[in-house]
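Visitor: Last residue of the sequence shown: number 214 in the UniProt record's numbering, and the count goes up by one each step with no gaps.
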Amino acid sequence: MNRVDLVDAQLPQTQCTKCGYDGCRPYAQALVDDEVPINRCPPGGDVGIARLAAVLGKPILPLDETRGRHLPLQVARIDEQHCIGCTLCIQACPVDAIVGANKAMHTVLAALCTGCDLCVAPCPVDCISMEPVEPARAWTDGDAAAARARHQRRQARLDRESREDQERLRARSAVAEPASPALPAEAQAGDQAAERKRAILEAALARARSRRAH
Numbered sequence: 001m002n003r004v005d006l007v008d009a010q011l012p013q014t015q016c017t018k019c020g021y022d023g024c025r026p027y028a029q030a031l032v033d034d035e036v037p038i039n040r041c042p043p044g045g046d047v048g049i050a051r052l053a054a055v056l057g058k059p060i061l062p063l064d065e066t067r068g069r070h071l072p073l074q075v076a077r078i079d080e081q082h083c084i085g086c087t088l089c090i091q092a093c094p095v096d097a098i099v100g101a102n103k104a105m106h107t108v109l110a111a112l113c114t115g116c117d118l119c120v121a122p123c124p125v126d127c128i129s130m131e132p133v134e135p136a137r138a139w140t141d142g143d144a145a146a147a148r149a150r151h152q153r154r155q156a157r158l159d160r161e162s163r164e165d166q167e168r169l170r171a172r173s174a175v176a177e178p179a180s181p182a183l184p185a186e187a188q189a190g191d192q193a194a195e196r197k198r199a200i201l202e203a204a205l206a207r208a209r210s211r212r213a214h
């Protein structure tokens with residue numbers, strides 16, 4: 001195990017980004033590079049800071065609460081009555097703990113949720129809240145290992161999908177005729193489809209706001 005792996009193993013793997021980095025692994029790398037203090041992980045709290053101090057040979061610091069407070073383990077809850085199926089929360093979840101389809105109700109898999117709260121802000125109808133886990137329990141090293149594995153699988157899938165999208169675009173570019181008269185029409189059709197999607201989402205938002213107002 002290299003030093004970054006060792007430091008990463010002390011982090012809770014909630015992937016909440018409250019430390020200012022895009023996940024636990026980048027924060028671990030920054031700690032090893034001595035670019036950032038050890039007290040910027042609210043989910044880890046004082047215990048996590050002590051673990052990092054021991055591994056890195058640094059003095060223990062109080063938690064930097066400008067990054068957030070250390071809270072009991074929480075889980076995201078979706079008010080299914082108001083969910084419009086926009087998929088934004090699914091896209092935001094770093095560990096694939098939310099399931100659902102476009103225009104269909106979404107559900108949080110509570111057993112997989114890390115409590116990162118990254119799904120809350122993107123929700124356009126404010127139907128996601130963070131609630132304490134019941135019965136209350138501590139986040140364990142086993143939870144962290146499972147969350148790390150899910151995050152890594154998600155990142156691998158997103159990377160693969162990105163490569164596949166780029167390959168499809170290159171393939172289309174290779175066969176397209178630069179002066180083809182069909183291209184402007186295709187572009188116009190694409191614009192119309194995008195406009196329809198925007199109109200559908202705006203209508204769904206209006207319906208959701210109306211329901212919540214009553």
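In this text, a Cβ means the ideal position worked out from N, Cα and C, and glycines have one as well.
Since this is a predicted model, take the numbers as computed values, not measurements.
Between T66 and Q74, what straight-line distance do the alpha-carbon atoms span, to the nearest angstrom?
Guide: Distance between the alpha carbons of T66 and Q74: 19 Å.
Visitor: If we count the other Cβ atoms within 10 Å of its Cβ and call it buried at 16 or more, is D34 buried or exposed?
Guide: Classification of D34: exposed, given that the 10 Å Cβ count is below 16.
Visitor: Once the 5 residues before and after V4 are set aside, which same chain residues still bring their CB inside 7 Å of it?
Guide: A28, Q29, V32.
Visitor: Buried or exposed for T14, please, with buried defined as at least 16 other CB atoms from any protein chain shown within 10 angstroms of its CB.
Guide: With 16 or more other Cβ atoms within 10 Å, it is buried.
Visitor: Taking its Cβ as the centre, do 16 or more other Cβ atoms sit within 10 Å of N39, making it buried, or is it exposed?
Guide: Buried: at least 16 other Cβ atoms inside 10 Å.
Visitor: Is R69 helix, strand or coil by DSSP?
Guide: Looking at R69 - three-state DSSP - the assignment turns out to be coil, as it is neither helix nor strand.
Visitor: Where do the N-terminal and C-terminal ends of the beta strand (DSSP E) with Q74 fall, by residue?
Guide: Start and end: 74 to 78.
Visitor: Measure the CB-CB distance between Q10 and V55 and report whether it falls below 8 Å.
Guide: Taking 8 Å as the Cβ cut-off, Q10 and V55 qualify as a contacting pair.
Visitor: Name the DSSP bridge partner or partners of I90?
Guide: I90 pairs with nothing; no bridge assigned.
Visitor: Which residues in the same chain as C93 place their Cβ atom closer than 7 Å to its Cβ, once the five residues preceding and following it in sequence are excluded?
Guide: Closer than 7 Å at Cβ, skipping near neighbours: L118, C119.
Visitor: So, are the CB atoms of residue 233 and R150 less than 8 Å apart?
Guide: Any answer about residue 233 is impossible in this case: the structure gives the chain only from 1 up to 214.
Visitor: Check I49 in the structure and name its three-state DSSP category.
Guide: Residue state, collapsed to three classes: helix.
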